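Since the structure comes first, as structure tokens, the remarks are kept for the end.
Residue numbers (the numbering used here): 725 to 811.
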């Protein structure tokens, strides 16, 4: 089952900032496709059982770029529930 995460709004402070986002996204193994759709990015993830390291990277990316992190709840399970705890 494929999950598509929608990354919006896209706001970059510099061209380097934008380049670093794409470099970071390409380094996350669970992301199979990065697709630009209008002013959004769609991240395609084929397997809902992603590795904890991949989920941590997605949490960090979504926090850094202020994307809607509620989408990441699709990957929550008993083993990684602690990653979603807030203080």
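By construction, the Cβ of each residue, glycine as well, lies at the ideal position given by its N, Cα and C atoms.
What you are looking at is a predicted structure, and each value in this text was computed from that prediction instead of being measured.
{"Check": "Just grab the DSSP bridge partners of residue 731 for me.", "Outcome": "765"}
{"Check": "Which first and last residues belong to the alpha helix (DSSP H) in which residue 738 is found?", "Outcome": "No alpha helix (DSSP H) contains residue 738, which DSSP labels as neither H nor E."}
{"Check": "For a quick check, are the C-beta atoms of residue 730 and residue 770 less than 9 Å apart?", "Outcome": "no"}
{"Check": "Beta carbon of residue 805, beta carbon of residue 781: below 9 Å?", "Outcome": "no"}
{"Check": "Round the Cβ separation of residue 754 and residue 774 to the nearest angstrom and send it over; I've been treating them as touching at under 8 Å.", "Outcome": "4 Å"}
{"Check": "According to DSSP, is residue 774 part of a helix, a strand, or is it coil?", "Outcome": "coil"}
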